[in-house]
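To start, the structure itself, in structure tokens.
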């Protein structure tokens, strides 16, 4: 589909999005069909069952939609902080900004070759996103990881909701009432699910770390403005500058790795640990906003400092 690549013909966005979604939904249908057949072989091959289902989901679903976002629509995801260890199962916590968080988390998981093994604590927004909102399903996953040794990146958006100005004000009021610190650019994290996850999965010998992901966005001068779900599919040139006919989005993931044995052993200690991570996230986001603002100022005055193109942001690329 040459007209849908990074140098597209000027198709209307609705038509462009439809042309991209049709093959994607066909791929999702095929994945669901294959996954529906797997239970028939599970009694005979219990060990490879989870790995095979992860391969199907990763290839036909995750990588397909990720390809639309990063390759066809030119979304450039940058990284800073720690490099995820290859093939390492982990508990993952992240702030929650928008639907597009999914792409950023998946890009981080791909750096660990774990992109097909992600599971999300989330609402069932779409059927093809593996989510853990049911207690029985959650217990099944915990048992699979702990007893059967499933490889996983178990992802939780610990704020429990996407960030909005209204919810931020509600978070501030709650923090004031309960004498808790309010992180900048974030909602105060909900700790119960994190505590239960660590308590269960620290018993699994192959789950060796907690990854703390901080997701940052910018569009023009608007910090933490992310594209809508539809824009991630239908709109081209997402990360190209507006002067190049693009949308001017920045997508960034800051990664921190914590060995699981270093986390507190009790519930109160784990709640405090997660709270401290969120305070540090807020400070990092504030610094990132200032950094991007300073880079933009230098680029606008680049001619004074030696010529076009010399001012760059040195984060690693996906």
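In the UniProt record's numbering, the protein residues as written are 1 to 318.
Cβ atoms here follow ideal geometry from the backbone N, Cα and C, with glycine treated the same way.
Exercise for the section: For residue 124, name the three-state secondary structure that DSSP assigns. Expected result: As a position in the chain shown, residue 124 is number 124, starting the count at 1. Only weak support is given to the placement of residue 124: the predicted model assigns it a pLDDT of 42, under 50, and the question is left unresolved by the model.
Problem - Nearest neighbour of residue 246, chosen from 75, 61, 62 and 39 [CA to CA] - result: Against the chain shown, residue 246 aligns to sequence position 246. When only C-alpha atoms are compared, the closest one is 75.
Exercise for the section: Return the CA-CA distance between residue 128 and residue 61, expressed in angstroms with no decimal places. Expected result: Translated into positions along the chain shown, residue 128 becomes position 128. Translated into positions along the chain shown, residue 61 becomes position 61. Any reading at residue 128 must be qualified, since the residue scores a pLDDT of 36, below 50, and its modelled position is unreliable; the value itself is stated next. Each residue's Cα considered, the two are about 8 Å apart.
Practice task
Would you mind reading off the limits of the alpha helix (DSSP H) that contains residue 232?
Solution key: The sequence position of residue 232 within the chain shown is 232, counting from 1. Run containing residue 232: 229 to 234, per the alpha helix (DSSP H) assignment.
Handout entry: Buried/exposed call for residue 132, threshold 16 Cβ in 10 Å
Key = Within the chain shown, residue 132 is the residue found at index 132, counting from 1. Residue confidence is low: residue 132 scores 49 on pLDDT, short of 50, so the model does not pin down where it sits. No coordinate-derived value is stated.
Problem - Backbone secondary structure at residue 259 - three-state DSSP - result: On the chain shown, position 259 is the one that residue 259 refers to. Strand, per DSSP.
Handout entry: Endpoints, the beta strand (DSSP E) within which residue 180 is located
Key = Taking the chain shown and counting its residues from 1, the one referred to as residue 180 is at position 180. Here residue 180 belongs to no beta strand (DSSP E), and DSSP marks it neither H nor E.
Practice task
Provide the residue span of the alpha helix (DSSP H) that contains residue 101, from first to last.
Solution key: Residue numbering aside, residue 101 sits at position 101 when the chain shown is read from its first letter. Here the alpha helix (DSSP H) through residue 101 covers 101 to 111.
Practice task
Apply the 10 Å Cβ neighbour rule to residue 283 and answer buried if 16 or more other Cβ atoms are within range, or exposed otherwise.
Solution key: The sequence position of residue 283 within the chain shown is 283, counting from 1. Exposed, since its Cβ has fewer than 16 Cβ neighbours within 10 Å.
Practice task
Going by CA-CA distance only, name the one from 64, 114 and 104 that's closest to residue 88.
Solution key: As a working note, residue 88 is residue 88 in the chain shown. For residue 88, the nearest C-alpha among the options comes from 114.
Exercise for the section: Could you tell me the distance, in whole angstroms, from the CA atom of residue 39 to the CA atom of residue 291? Expected result: As a first step, residue 39 is located in the chain shown; it is residue number 39 there, counting from the start. As a first step, residue 291 is located in the chain shown; it is residue number 291 there, counting from the start. Roughly 50 Å between the two C-alpha positions.
Handout entry: Exposed unless 16 or more other CB atoms sit within 10 angstroms - verdict on residue 53
Key = Residue 53 sits at position 53 when you count from the first residue of the chain shown. Looking at its Cβ environment, which holds 16 or more other Cβ atoms inside 10 Å, residue 53 is buried.
Handout entry: For residue 58 and residue 188, the rounded distance between their alpha carbons
Key = Position 188 of the chain shown, counted from the start, is the residue given in the question as residue 188. Position 58 of the chain shown, counted from the start, is the residue given in the question as residue 58. Roughly 32 Å between the two C-alpha positions.
Handout entry: Helix, strand or coil at residue 80 [DSSP, three-state]
Key = For the purposes of this step, residue 80 is identified with residue 80 of the chain shown, where counting begins at 1. Strand.
Practice task
Please report how far the alpha carbon of residue 174 lies from the alpha carbon of residue 108, in whole angstroms.
Solution key: Your numbering for residue 174 matches position 174 in the chain shown. Your numbering for residue 108 matches position 108 in the chain shown. Cα-Cα distance, rounded: 32 Å.
Exercise for the section: Apply the 10 Å Cβ neighbour rule to residue 276 and answer buried if 16 or more other Cβ atoms are within range, or exposed otherwise. Expected result: Along the chain shown, read from residue 1 onward, the residue named residue 276 stands at position 276. Burial call: exposed.
Practice task
Determine the burial state of residue 67: buried for a count of at least 16 other Cβ atoms within 10 Å of its Cβ, exposed for fewer.
Solution key: As a first step, residue 67 must be located in the chain shown, where it is residue number 67. By the 10 Å Cβ count, residue 67 comes out exposed.
Problem - Between the CA atoms of residue 155 and residue 125 - distance to the nearest angstrom - result: Numbered from 1 along the chain shown, position 125 holds the residue referred to as residue 125. Numbered from 1 along the chain shown, position 155 holds the residue referred to as residue 155. Below a pLDDT of 50, predicted positions are generally treated as unreliable, and residue 125, at 37, falls in that range; the measurement from the model is reported next regardless. Cα to Cα, the separation comes out at about 15 Å.
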